[in-house]
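Here the sequence shown stands for residues 0 to 415, where the numbers follow numbering that gives the first Met the number 0. Built from N, CA and C at the ideal position, the CB exists for glycine as well. Predicted model, so just to flag it, every value in this text is computed and none were measured.
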Amino acid sequence: MKLLLIGGGGREHAIAWKLAKSPKVEKIYVAPGNGGTALEDKCENIGLETYEEMAKFVKENNIDLTVVGPEEPLTKGIVDLFKKENLKIFGPEQKAAMLEGSKSFSKDFMRKYNIKTAAYEVFYDSEKAVEYLKSAEYPIVIKADGLAAGKGVSICEDFKQAEDTIKDFMVQDKFKGAGKKIVIEEFLQGVEASILSITDGKTIIPFISAKDHKQIFDGGVGPNTGGMGVIAPNPYVTDEVFEDFEKNIMEPTLTGIREEGFDYKGIIFFGVMITEKGCYLLEYNVRMGDPETQSVLSLMESDLLELIEFSLEEKLNAAEVRWKNGACCNVVLASKGYPEAFEKGFKIEIDPSVKENVFIAGGVIKDEVLVTSGGRVLSVVGVGDTIEAAREKAYSNIDSVTFEGRYFRKDIGVIS
Ligand code: AMP
Ligand code: GLY
């Protein structure tokens with residue numbers, strides 16, 4: 000089969016690496032791809048701008064299947080466009096992608112289908128929002144309704160901070176439309192878990208759980224980032240937590256997808272908060288997580304392409320996902336200064352012995368040399384029988400990957 004994979008981050012490098020392992024796959028075009036997919040087996044990067052251009056490329060080159068990595072093409076309706084042209088594509092239709100594309104839409108869906116989530120109110124008017132915040136309990140959480148590149152959530156400690164956030168989001172329009180409408184919600188205290196899963200709209204098969212590490216510094220302090228590392232499975236997802244998740248989040252979500260009549264053949268990612276009062280759903284993502292994917296796919300034994308085919312044929316009830324025993328630790332190597340300003344263009348050197356354990360995110364090929372091009376440059380993973388063994392492997396693999404200004408957390412996977 001010939002595939003087109005859309006996206007160009009660390010997640011897409013991991014998806015390309017995993018799909019390339021399928022004996023059924025002959026070639027993967029990655030649009031736009033990055034320095035990792037450029038060097039990956041069976042892969043070739045391709046510059047395609049619009050979704051129409053992508054559809055044209057697929058038809059002209061007899062591509063059998065398109066796989067979408069990031070959320071943006073999904074929320075903009077790429078799946079609907081491809082389906083109209085009878086092209087096979089893996090991802091939810093636009094209506095369903097609103098589960099990630101609009102916070103108020105997803106919260107209303109959760110409420111309608113009794114999915115356990117934080118209490119909330121939706122506001123379109125900044126004055127009404129400020130009025131509400133005067134008598135609210137703190138901390139409180141304010142979320143921009145639309146996509147805001149992971150920056151649309153503010154946890155406010157007091158009224159002043161909340162009022163400033165409303166000004167930024169709604170009045171100054173910091174997110175160019177995405178924060179004109181907001182969700183204000185109850186603050187939940189707990190430990191987070193990322194549960195990625197695959198669905199065909201009739202069945203949801205959860206993948207192995209994962210734990211992201213969002214803050215820049217060790218101990219979980221400092222500003223938020225796109226993710227500095229992941230451990231999978233998530234040590235806080237015990238059997239009891241998982242049962243709670245299945246019963247109060249996953250199953251009612253499936254009921255909702257069915258009753259709304261969503262055409263959802265894709266990935267659904269549950270962002271869960273494990274609290275003393277059980278599991279709450281923080282958010283849905285309609286794509287795999289980054290950097291969760293790099294860990295989860297490193298542990299997946301099954302052929303990802305076969306799972307995608309099962310989903311597209313609505314036969315996931317007959318599928319089984321097999322996992323390696325043990326754990327995977329993924330440490331992100333970032334550019335010095337990230338998440339603030341940083342320099343780019345430094346040469347990345349990777350010893351061939353760890354090639355299978357490195358997924359490039361912000362790296363490009365320039366004059367035939369792999370150089371840094373982003374804040375989060377790459378992930379180094381380690382797989383082991385236990386979390387501790389996986390940690391040791393990941394950190395020893397890091398010794399074989401160098402670039403100037405390399406920064407990483409030392410405590411990924413440390414259980415506090
Ligand atoms: P979201 O995009 O809705 O997942 O929010 C991004 C991040 O904000 C989450 O991963 C949490 O760390 C935090 N967050 C979101 N909602 C809440 C909440 N209700 N209580 C506490 N933290 C939250
Ligand atoms: N790592 C969190 C996300 O992909 O949204």
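May I have the straight-line CA-CA distance separating residue i from residue j, to the nearest angstrom?
i	j	result
L18	L64	12 Å
K346	M169	42 Å
T74	E312	22 Å
A143	L281	14 Å
T164	G149	15 Å
A326	N223	25 Å
I5	A13	13 Å
V331	L187	27 Å
L146	I181	12 Å
G288	F268	7 Å
F104	K179	14 Å
G46	K58	16 Å
V29	S153	34 Å
F158	C278	28 Å
Q171	Q160	15 Å
K41	D350	21 Å
R257	Y119	24 Å
S101	V66	22 Å
R110	H212	28 Å
I307	G200	13 Å
G374	F407	11 Å
L86	P22	22 Å
N316	T254	15 Å
Between residue i and residue j, is the Cβ-Cβ spacing less than 8 Å?
i	j	result
C328	G412	yes
E43	A15	no
A231	V295	yes
N284	E70	yes
I273	V220	no
A117	E184	yes
G265	F89	yes
P290	S378	yes
K68	F358	For the sequence presented, residue 68 should be read as Gly rather than Lys. No, the pair does not count as a contact, with Cβ atoms beyond the cut-off.
A333	V376	yes
K409	D243	no
I141	P338	no
L303	W322	no
V320	I414	no
E92	A54	no
D262	A95	yes
G151	F122	no
G336	N356	no
Using only CA atoms, which one of the options lies nearest to residue i?
i	options	result
Q293	E130, V229, F81 and G76	V229
D107	K82, L296, T252 and K127	T252
E300	F206, N247, V240 and G277	F206
P416	V370, G7, A117 and N113	No information on residue 416 is available, as it lies outside the stretch 0 to 415 that the chain covers here.
I364	V240, P31 and E126	P31
I62	L2, Y337 and E48	L2
E99	S193, R286, G200 and F186	R286
S193	A161, F241, S153 and M53	F241
E342	N233, K354, E291 and G361	G361
S208	I197, D217, K23 and K201	I197
Y235	E126, E84 and K210	K210
D124	K166, K23, E339 and A340	K166
N33	V368, S395 and V382	V368
V271	G336, I248, D262 and G260	I248
N324	I386, E275 and N356	I386
Y131	E162, T254 and V380	E162
P138	G151, E250 and C155	C155
E250	K335, K276 and Y112	Y112
D79	Y50, T202 and T237	Y50
Which residue or residues does DSSP assign as beta-bridge partners of residue i?
i	result
E434	This structure leaves residue 434 out entirely; the chain is present only between 0 and 415.
E339	In the DSSP output, where bridge partners are listed per residue, E339 has none listed.
I359	L377
I386	According to DSSP, I386 bridges with nothing at all.
E348	T401
Y406	A333
Could you tell me if the beta carbon of residue i falls within a distance shorter than 7 Å of some heavy atom in ligand 3?
i	result
E282	Only ligand 1 and ligand 2 can be found as ligands here, which leaves ligand 3 out of the picture.
Is there a C-beta anywhere in chain D that falls below 8 Å from the one on residue i?
i	result
V357	The chain inventory of the structure shown lacks chain D, comprising one protein chain alone.
Could you name each continuous alpha helix (DSSP H) segment of 4 residues or more that falls completely within the stretch 229-311, going from the start of the chain to the end? The stretch 229-311 contains these whole alpha helix (DSSP H) runs: 238-244, 250-259, 291-298 and 303-311.
At 4 residues or longer, what runs of the alpha helix (DSSP H) sit wholly inside the stretch 9-40? Fully enclosed alpha helix (DSSP H) runs of 4 or longer: 9-19 and 34-38.
Just to confirm the assignment: which complete alpha helix (DSSP H) runs, minimum length 4, are found wholly within the stretch 107-174? Unbroken alpha helix (DSSP H) stretches of 4 residues or longer found wholly inside the stretch 107-174: 125-133 and 158-165, given in chain order.
Which runs of the beta strand (DSSP E) spanning at least 3 residues fall entirely within the stretch 31-94, listed in chain order? As for any beta strand (DSSP E) of minimum length 3 sitting wholly inside the stretch 31-94, the runs are 42-44, 64-67 and 88-91, ordered along the chain.
Starting from the N-terminal side, write out each stretch of the beta strand (DSSP E) that is 3 residues or longer and does not extend beyond the stretch 166-216. DSSP runs (the beta strand (DSSP E)) wholly in the stretch 166-216: 181-185, 190-198, 203-205 and 214-216.
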